[in-house]
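Chain order of the listed sequences is A and B.
Quick note on our numbering: the first sequence kicks off at 258 and runs consecutively.
Quick note on our numbering: the second sequence kicks off at 2 and runs consecutively.
Contents: one structure, followed by commentary.
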Amino acid sequence: MYRLLLLSQKLPSQLSQIRKIYSKVQKIRKEHKYKNQVKKLKKHHSTLSRRDFLKLLGLGGAGLGAAAVSAPVVHDLDELMDLPEAAGKRPWFVREVDKPTCDVDWDIMQRFDYSEVMWAGGLRKALGVEEFERILEIGRENRLLWMQESRPGYTLKEVALHGANHYAPYSFLGPQSSPTPEALGIPRYEGTPEENTQLVRAFLRLHGASQVGFVELDTNTTEKFIYTHDYISWHTRPFGQGPRLDILDVDEPSEGDGYRVIPKKARWVIVYALRMSDDLMKLAPTKLGNRAQYYMYELKSLIQGQLQNFLRTLGYMGLGEVSRYNALGIAPAFAVMCGMGELSRMGHVITPEFGLRQRVFKLITDMPLAPGKPIDFGAMNFCRTCKKCADNCPPQAITKDTEPSWDTRGKPYHSPGVKAWYWPQENCQAYWRQIQECSICYAVCPLSKGGSKAIYHDLQRWATANTPVFNRFFRNIDDFLDFGRRSKPEEIEGWWDLDLPPWGYVD
Amino acid sequence: MWFFIGLIVGVGLLALIFWLRNKQIAVKWYEWLVGIFGLGLLLFMIQNIIGSVREVEPVAAWQFLWLIGLPALILLGLAWWLPWRRYRKKG
Numbered sequence: 258m259y260r261l262l263l264l265s266q267k268l269p270s271q272l273s274q275i276r277k278i279y280s281k282v283q284k285i286r287k288e289h290k291y292k293n294q295v296k297k298l299k300k301h302h303s304t305l306s307r308r309d310f311l312k313l314l315g316l317g318g319a320g321l322g323a324a325a326v327s328a329p330v331v332h333d334l335d336e337l338m339d340l341p342e343a344a345g346k347r348p349w350f351v352r353e354v355d356k357p358t359c360d361v362d363w364d365i366m367q368r369f370d371y372s373e374v375m376w377a378g379g380l381r382k383a384l385g386v387e388e389f390e391r392i393l394e395i396g397r398e399n400r401l402l403w404m405q406e407s408r409p410g411y412t413l414k415e416v417a418l419h420g421a422n423h424y425a426p427y428s429f430l431g432p433q434s435s436p437t438p439e440a441l442g443i444p445r446y447e448g449t450p451e452e453n454t455q456l457v458r459a460f461l462r463l464h465g466a467s468q469v470g471f472v473e474l475d476t477n478t479t480e481k482f483i484y485t486h487d488y489i490s491w492h493t494r495p496f497g498q499g500p501r502l503d504i505l506d507v508d509e510p511s512e513g514d515g516y517r518v519i520p521k522k523a524r525w526v527i528v529y530a531l532r533m534s535d536d537l538m539k540l541a542p543t544k545l546g547n548r549a550q551y552y553m554y555e556l557k558s559l560i561q562g563q564l565q566n567f568l569r570t571l572g573y574m575g576l577g578e579v580s581r582y583n584a585l586g587i588a589p590a591f592a593v594m595c596g597m598g599e600l601s602r603m604g605h606v607i608t609p610e611f612g613l614r615q616r617v618f619k620l621i622t623d624m625p626l627a628p629g630k631p632i633d634f635g636a637m638n639f640c641r642t643c644k645k646c647a648d649n650c651p652p653q654a655i656t657k658d659t660e661p662s663w664d665t666r667g668k669p670y671h672s673p674g675v676k677a678w679y680w681p682q683e684n685c686q687a688y689w690r691q692i693q694e695c696s697i698c699y700a701v702c703p704l705s706k707g708g709s710k711a712i713y714h715d716l717q718r719w720a721t722a723n724t725p726v727f728n729r730f731f732r733n734i735d736d737f738l739d740f741g742r743r744s745k746p747e748e749i750e751g752w753w754d755l756d757l758p759p760w761g762y763v764d
Numbered sequence: 002m003w004f005f006i007g008l009i010v011g012v013g014l015l016a017l018i019f020w021l022r023n024k025q026i027a028v029k030w031y032e033w034l035v036g037i038f039g040l041g042l043l044l045f046m047i048q049n050i051i052g053s054v055r056e057v058e059p060v061a062a063w064q065f066l067w068l069i070g071l072p073a074l075i076l077l078g079l080a081w082w083l084p085w086r087r088y089r090k091k092g
């Protein structure tokens, strides 16, 4: 009787103990499940797709929008770095090399003025102001006419899709809306370059970057990729030069009327790529194809500010591009040096994962980072043989020369010092301006197979990476299988009926 | 889906081996090789067709059907026909 009484007195406390143990077990099970998922993904994926990542975060259904992607599930920076995408693994057929696959003569190369770029003042200089304005007028007339006659890809709904663009504010010094370590009363984050690299990569992948790379600035080499004068809009009239980009031995970055100062201690460039939708890109040149590119610029405007705020709170500077599109330095050059991809026939970077179908952006920081090494996956060799972009270029702008050359053809918009396929870019730009958009080369490239569900693409990539012998065969088979551009009216209009995954990524 | 394809292939191969034993049909090593290669091509074709459809590449899917499917069927037919012809002669 006494024992029974004693037991009944103890019962509530024992029950609460059992409850506590049960909740602990549940917590451990949850953590174990999460770790298992991470392990599984580490094991099976050399690179992590957005959908896998969202699945991991339990956001698969929510999927759309950067806000959803940035929902934090990781609890601290260590967990962020432990995520599979922080490792930055490349496909198995990619080899790291000491020098880029395109030859570079650092003695010839000099810093370059952005205002010479074809997208800035290049076309105006090449054609003369009068012809330039005439081309723009043709473009305006075409846009109106094609919309009025409901030309596929230029109807009101496509114009509306294109017009949906919306940008976040972007600046050289960043939004500066996050607290600094000083404001928080704690020392700044200190890690090894490798740890910092993982940290930034994980952050960027979490916010939508498909690839991330790092370049260390060296006065005699990579620093020459930084423009002497920064971005200036081609709309500017009269056209001049953008602000000077001075690299000075100062502690803090600054900007003023006609200049921007990059402190010499900011020695690292974060290079990140945003992948474009494959099925939209295939519809180039239309307003749909155009949207595949411009959406990435919008996303970049958001991500750049987020990254600048992230670095600021860690205690470092992040110097961004003051442009929706391209600024600070030569994007393909940085992308090649950090090992994101190889130089292509068109002068853009071609990556093993998505070919040409990504946009590359960069940001300068003083956070020490471990630079990447250039890679070789046979792309330049493939470009030597393939020439599909050149064959499909309506204004015949892309050269069909087999071998790249040092000769810039006397064009001021080419930055010398790289053995590349230099081509008359004014032909491209004049055509682009008249039809409002192009990017056919992006659509037809046989190495641009982002959503590669068919094993055939892996077979092609493996063969291309190992031997140039089959390159001609793969170019021909690419034509035969009808991969690439979609130009029939029903294919263009049919895009709206495709039930595509978020962001239009097929994989 | 690949689980079921694997299951069907596994059960099919097992049934084939039992049937060959039952009928006492001898299959030479190179006939097995031709058959396995044909089966590999058939599976390669199926994967590429499904992959191409998911990539929204219908023309590629059809081209894969005959470009890889035809040699696959020829090889599988050959792997079947060679031992069957010997068995008929013997019988």
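Where a beta carbon is used, it is the ideal one built from N, C-alpha and C, also for glycine.
Chain-order list of residues whose beta-carbon lies under 7 Å from that of residue 659(A) (same chain, five-residue window excluded): Within the first sequence, numbered from 1, the residue matching residue 659(A) stands at position 402. Answer for residue 659(A): 641, listed in chain order.
Residue 619(A) by DSSP, collapsed to three states: which one? For the purposes of this step, residue 619(A) is taken as the residue at position 362 of the first sequence. Residue 619(A): strand per DSSP, three-state reduction.
Can you name the start and end residues of the beta strand (DSSP E) that residue 520(A) belongs to? Stepping through the first sequence from its first residue, residue 520(A) is reached at position 263. From DSSP, the beta strand (DSSP E) with residue 520(A) extends over 516-520.
Cα-Cα separation, residue 427(A) to residue 504(A): Taking the first residue of the first sequence as position 1, residue 427(A) is located at position 170. Taking the first residue of the first sequence as position 1, residue 504(A) is located at position 247. Using only the alpha carbons, I get a separation of about 21 Å.
Alpha-carbon spacing of residue 744(A) relative to residue 28(B), whole angstroms: Within the first sequence, residue 744(A) is the residue found at index 487, counting from 1. Within the second sequence, residue 28(B) is the residue found at index 27, counting from 1. For residue 744(A) and residue 28(B), the distance between alpha carbons rounds to 52 Å.
In chain B, what lies closer than 7 Å to residue 755(A) by C-beta? Indexing the first sequence from 1 puts residue 755(A) at position 498. Residues of chain B passing the Cβ test: 57.
For residue 711(A), would you say it is in contact with chain B, using Cβ-to-Cβ distances shorter than 7 Å as the test? Position 454 of the first sequence holds residue 711(A). It does: the Cβ of residue 711(A) has a partner Cβ on chain B nearer than 7 Å.
Compute the Euclidean distance between the alpha carbons of residue 574(A) and residue 565(A), then round it to the nearest angstrom. By 1-based counting over the first sequence, the position of residue 574(A) is 317. By 1-based counting over the first sequence, the position of residue 565(A) is 308. Taking the straight line joining both Cα atoms gives about 7 Å.
Under 7 Å, Cβ to Cβ, is there at least one residue of chain C near residue 11(B)? No chain C is present in this structure, whose protein chains are A and B.
By how many angstroms is the C-alpha of residue 14(B) removed from the C-alpha of residue 7(B)? Here residue 7(B) corresponds to residue number 6 of the second sequence, with the count starting at 1. Here residue 14(B) corresponds to residue number 13 of the second sequence, with the count starting at 1. Rounded to the nearest angstrom, the two C-alpha atoms are 10 Å apart.
Which of helix, strand or coil does DSSP assign to residue 529(A)? Within the first sequence, the letter at position 272 stands for residue 529(A). Collapsing the DSSP output to three states places residue 529(A) in a strand.
Answer yes or no: do residue 467(A) and residue 532(A) have a C-beta to C-beta separation smaller than 7 Å? Your numbering for residue 467(A) matches position 210 in the first sequence. Your numbering for residue 532(A) matches position 275 in the first sequence. Going by C-beta atoms, residue 467(A) is nearer than 7 Å to residue 532(A).
Output the boundary residues of the alpha helix (DSSP H) element that contains residue 536(A). For the purposes of this step, residue 536(A) is identified with residue 279 of the first sequence, where counting begins at 1. Per DSSP, residue 536(A) belongs to the alpha helix (DSSP H) from 535-538.
Scan the stretch 722-756 of chain A for residues whose Cβ lies nearer than 7 Å to a Cβ of chain B and list them as they occur along the chain. 737, 738, 739, 740, 755
Flag residue 536(A) as yes if its beta-carbon sits less than 7 Å from any beta-carbon of chain B, otherwise no. What you label residue 536(A) is simply residue 279 of the first sequence in a count that begins at 1. Yes, residue 536(A) counts as interfacial toward chain B.
Neighbouring residues, chain B, relative to residue 763(A) (Cβ below 9 Å): By one-based count along the first sequence, residue 763(A) stands at place 506. By Cβ distance, chain B contributes 55, 56, 57.
For the beta strand (DSSP E) that residue 473(A) lies in, which residues bound it at each end? If you number the first sequence from 1, residue 473(A) lands on position 216. That run of the beta strand (DSSP E) goes 468-473.
In three-state terms, what does DSSP make of residue 558(A)? Taking the first sequence and counting its residues from 1, one reaches residue 558(A) at position 301. Residue 558(A) falls in the helix class under three-state DSSP.
Pick out whichever of 396(A), 451(A), 541(A), 435(A) has its Cα sitting closest to the Cα of residue 750(A). Stepping through the first sequence from its first residue, residue 750(A) is reached at position 493. Selected option, being the one with the closest Cα: 541(A).
I want to see whether chain A comes within less than 7 Å of residue 73(B), judged by CB atoms only; does it? As a position in the second sequence, residue 73(B) is number 72, starting the count at 1. False, the Cβ-Cβ gap to chain A never drops below 7 Å.
Alpha carbon to alpha carbon, how far is residue 366(A) from residue 663(A)? Give it in angstroms, no decimals. Within the first sequence, the letter at position 406 stands for residue 663(A). Within the first sequence, the letter at position 109 stands for residue 366(A). The alpha-carbon atoms of residue 663(A) and residue 366(A) are separated by roughly 11 Å.
For the ligand ADP, is there any heavy atom lying closer than 6 Å to the beta carbon of residue 577(A)? By its list of ligands, the structure shown contains no ligand whatsoever, and the ligand ADP lies outside what it can speak to.
Using a C-beta to C-beta distance shorter than 7 Å, which residues of chain A count as neighbours of residue 52(B)? Within the second sequence, residue 52(B) is the residue found at index 51, counting from 1. Those are 710, 711, 712, listed as they occur along chain A.
Per DSSP, cross-strand counterpart(s) of residue 513(A): Against the first sequence, residue 513(A) aligns to sequence position 256. DSSP, once it has assigned bridges, lists 516(A) as partnering residue 513(A).
Residue 502(A): first and last residue of the uninterrupted beta strand (DSSP E) it sits in: Counting from 1 along the first sequence, the entry for residue 502(A) is found at position 245. Taken as a continuous stretch (DSSP letters only), the beta strand (DSSP E) holding residue 502(A) covers 501-505.
Determine, using beta carbons only, whether residue 572(A) and residue 620(A) come nearer to each other than 7 Å. Counted from its first residue, the first sequence places residue 572(A) at position 315. Counted from its first residue, the first sequence places residue 620(A) at position 363. Here residue 572(A) is not near residue 620(A), since their CB atoms are 7 Å or more apart.
Measure the alpha-carbon distance for residue 433(A) versus residue 440(A) and round it to whole angstroms. Stepping through the first sequence from its first residue, residue 433(A) is reached at position 176. Stepping through the first sequence from its first residue, residue 440(A) is reached at position 183. Residue 433(A) and residue 440(A): Cα-Cα distance of roughly 12 Å.
Here's a check: name, in chain order, each residue in its chain whose Cβ is nearer than 6 Å to the Cβ of residue 587(A), leaving out the five neighbours to either side. The sequence position of residue 587(A) within the first sequence is 330, counting from 1. Only 482 meet the Cβ criterion.
Residue-chain proximity (residue 6(B), chain A), Cβ-Cβ < 7 Å: As a position in the second sequence, residue 6(B) is number 5, starting the count at 1. Using a CB distance cut-off of 7 Å, residue 6(B) does not count as an interface residue toward chain A.
Can you grab the Cα-Cα spacing for the pair residue 553(A) / residue 538(A), in whole Å? Numbered from its first residue, the first sequence carries residue 553(A) at position 296. Numbered from its first residue, the first sequence carries residue 538(A) at position 281. Straight across, the Cα-Cα distance linking residue 553(A) with residue 538(A) is about 12 Å.
Sequence-distant residues of the same chain with beta carbon closer than 7 Å to residue 680(A), five excluded per side: Residue numbering aside, residue 680(A) sits at position 423 when the first sequence is read from its first letter. If we look at residue 680(A) and ignore the five residues flanking it on each side, its Cβ neighbours are 654, 655, 656.
Can you find a C-beta in chain A that's less than 7 Å from the C-beta of residue 25(B)? What you label residue 25(B) is simply residue 24 of the second sequence in a count that begins at 1. No, residue 25(B) does not count as interfacial toward chain A.
DSSP puts residue 347(A) in a beta bridge; with which residues? The residue given as residue 347(A) occupies position 90 in the first sequence. In DSSP, residue 347(A) forms no bridge with anything.
Among all the DSSP beta bridges, which residues are the ones paired with residue 662(A)? Looking up residue 662(A) in the first sequence gives position 405. In the DSSP output, where bridge partners are listed per residue, residue 662(A) has 677(A).
For residue 561(A), I'd like the list of residues in its chain whose CB is within less than 6 Å of its CB, leaving aside the five on either flank, ordered along the chain. Position 304 of the first sequence, counted from the first residue, corresponds to residue 561(A). Correct list, in chain order: 427, 577.
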